[in-house]
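Inspection log for the structure reproduced underneath, given as structure tokens.
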Amino acid sequence: MEQKPFSRGLLSSEADSQRTLYPYVTGTSVVALKYKDGILMAADMGGSYGSTLRYKTVERMKSIGKHSLLGASGELSDFQEILRYLDELILYDNMWDDGNSLGPKEVHSYLTRVMYNRRNKFNPLWNSLVLGGVKNGQKYLGMVSMIGVNFEDDHVATGFGNHLARPILREEWHENLSFEDGVKLLEKCMRVLLYRDRSAVNKLQIAKITDEGVTVSQPYSLKTFWGFSAFSNPTAGAEGSW
Amino acid sequence: MDLNLNDEHSMGTTIIGVTYDGGVVLGADSRTSTGMYVANRASDKITQLTDNVYVCRSGSAADSQIVSDYVRYFLHQHTIQLGQPATVKVAANLVRLMAYNNKNMLQTGLIVGGWDKYEGGKIYGIPLGGTIVEQPFAIGGSGSSYLYGFFDQAWKEGMTKDEAEQLVVKAVSLAIARDGASGGVVRTVIINADGVTRNFHPGDSLQLWHEELEPQNSLLDILNTASPEPMNF
Chain H
1 MEQKPFSRGL
11 LSSEADSQRT
21 LYPYVTGTSV
31 VALKYKDGIL
41 MAADMGGSYG
51 STLRYKTVER
61 MKSIGKHSLL
71 GASGELSDFQ
81 EILRYLDELI
91 LYDNMWDDGN
101 SLGPKEVHSY
111 LTRVMYNRRN
121 KFNPLWNSLV
131 LGGVKNGQKY
141 LGMVSMIGVN
151 FEDDHVATGF
161 GNHLARPILR
171 EEWHENLSFE
181 DGVKLLEKCM
191 RVLLYRDRSA
201 VNKLQIAKIT
211 DEGVTVSQPY
221 SLKTFWGFSA
231 FSNPTAGAEG
241 SW
Chain W
1 MDLNLNDEHS
11 MGTTIIGVTY
21 DGGVVLGADS
31 RTSTGMYVAN
41 RASDKITQLT
51 DNVYVCRSGS
61 AADSQIVSDY
71 VRYFLHQHTI
81 QLGQPATVKV
91 AANLVRLMAY
101 NNKNMLQTGL
111 IVGGWDKYEG
121 GKIYGIPLGG
131 TIVEQPFAIG
141 GSGSSYLYGF
151 FDQAWKEGMT
161 KDEAEQLVVK
171 AVSLAIARDG
181 ASGGVVRTVI
191 INADGVTRNF
201 HPGDSLQLWH
211 EELEPQNSLL
221 DILNTASPEP
231 MNF
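These protein sequences, in sequence, are chains H and W.
Oh and the first sequence: position 241 is 241 in full-length UniProt numbering, straight run, nothing missing.
Oh and the second sequence: position 59 is 59 in full-length UniProt numbering, straight run, nothing missing.
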């Protein structure tokens, strides 16, 4: 399978698509759920560089077309590249000018194919993606992993969220959550992640998708609680313990 | 202790880019090492891409040089075709393209900074992997590890040109004090609507930090200026 030299121009080389990479600048969990009017999605604004919390104002959720919202964890440069692919996809869709527009199901399907095909070439886009949207009253919430595993569900989470947020959602999610209850439930998950995920950063955004469109909140921080009596003197009975 | 003089030339480095009200200030140290040996103690890590956009280079010296050479070449053509100076955003995105598409082979972190008439002064950080992040200030290189706390405390919006340059010089100097891979002089480049100014801050002009002593010509000078007491060795 020969590639012509300079087929990609001077900007990249043909030798580089043979190997699996490792991530450098990563985003942590994304959590999302279906509620009465659509989808709610939450992600913090952190970009970690190994164990360093290097960037603290990274938008990890972006609207796609009129009907969808994409949240990503994993390598941020790959997320930025995916946004460019989607830009092109939406542009070409708009150019048909036929009154139709790509909905969340179609975008999710496109992303699944992209992720799976990259995985087959041993050159994955190192992301876990959450795709949510509403079109014609139909709510849709799906996930794609870096190896192309994809599914849809009433509530999803990536990374640490799988372990910490999903059990909470399983217990407390129900059909027809109001906006306020949905936000409180997401904030409960995000607070637990803040306590227990080392790469979490206390600056987050919550996004809402309904039939009217996509809105991403301003960045804000959550209060945390440390005033437990057990916290103030944990080793009182057993010096040297933790 | 093996010097390993056949190691790749790496600019351990401390690089900084800071926006201020009216432009940007870029700063860097001047040490290039080959393993433990300092191959160049007066390198210039702040490289010109266009008249109004410069890039601070860190990591592999070779990789960062070739990336800036390619980007300078593309930007030159782009400027001719566009008929006016390239914007900082375009320059930064070209750097990102090279960094992202060759991520398996490159090991360089870059800070692109400049001034254009549409957006004013802008700083873009492009770390390993090719992520692009626009920031009010950016730090990079091995020395930057020692500066996160410093900037968290010292950075503020709306500084003047002189405040910004003083902050950059102080920061690079602090990093040099603690990072073995950073050293030499502090170079700064200030870019704004009026143009570009290069400054040179030699090691002996910088303030002294903890456990650093005032440099002397010789012990003899100290002994001669001391009071006439018996010498205590």
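Built from N, CA and C at the ideal position, the CB exists for glycine as well.
Run of the alpha helix (DSSP H) containing T225(W), from where it starts to where it stops: L219 to T225
Closer than 7 Å by C-beta to K188(H): which residues in its own chain qualify, once you throw out the five before and the five after it? Chain order, please. I168
Which value, in whole angstroms, describes the spacing of the CA atoms of V186(W) and A72(H)? 39 Å
Opening and closing residue of the alpha helix (DSSP H) in which S68(W) lies: A61 to L82
Residues from the segment 143-156 of chain W in contact with chain H, defined by Cβ distance under 8 Å: S145 and Y148
Out of T52(H), Y22(H), S29(H) and G27(H), which one is the CA nearest neighbour of G149(W)? T52(H)
Just verifying my parser: in three-state terms, what is the DSSP assignment at T26(H)? strand
Closer than 9 Å, CB to CB, is S73(H) near chain W or not? no
Along chain W, which residues have their Cβ under 7 Å away from the Cβ of V201(H)? Near V201(H) there are no residues of chain W at all, since even the closest Cβ is about 13 Å away, more than 7 Å.
Going straight from the alpha carbon of A157(H) to that of L40(H), what length do you get? 12 Å
Work out the CA separation of V169(W) and G184(W) for me, nearest whole Å. 12 Å
Could you pull the DSSP bridge partners for M61(H) from this structure? G71(H)
In the DSSP assignment, find the unbroken beta strand (DSSP E) run with I139(W) in it and report its ends. F137 to G140
In angstroms, rounded to a whole number, what distance separates the CA positions of L26(W) and R113(H)? 43 Å
Within 10 angstroms of its Cβ, does A200(H) collect 16 or more other Cβ (buried), or is it exposed? buried
Which chain W residues are close to L21(H), counting only those with a beta carbon under 9 Å from its beta carbon? K103, N104 and G129
Going by CA-CA distance only, name the one from L49(W), V55(W) and N102(W) that's closest to Q77(W). L49(W)
Residue range of the unbroken alpha helix (DSSP H) whose run includes H155(H): Where H155(H) is concerned, there is no enclosing alpha helix (DSSP H), although the beta strand (DSSP E) it sits in stretches over H155 to A157.
Chain A within 9 Å of Q77(W), Cβ atoms only: Going by chain labels, chain A is absent from the structure shown, which instead holds the protein chains H and W.
Determine the chain H residues that contact V189(W) at a beta-carbon separation under 8 Å, and present them in chain order. Under the 8 Å cutoff, chain H gives no residues; its nearest Cβ is about 24 Å from V189(W).
Could you tell me which chain W residues have their CB closer than 9 Å to the CB of Q80(H), listed as they occur along the chain? R96, Y100, G130, T131 and I132
Collapsed DSSP secondary structure at H9(W) in the structure displayed: strand
Residues of its chain near S145(H), where Cβ-Cβ distance is below 6 Å and the 5 sequence neighbours each way are ignored: S128
Would you call the segment 196-213 of chain W and the segment 171-178 of chain W touching, i.e. three or more CB-CB distances under 8 Å? yes
Can you list, in chain order, the stretches of the alpha helix (DSSP H) that have 4 or more residues and sit fully within the segment 115-166 of chain W? 148-154
Rounded separation between I90(H) and G240(H) - CA only: 60 Å
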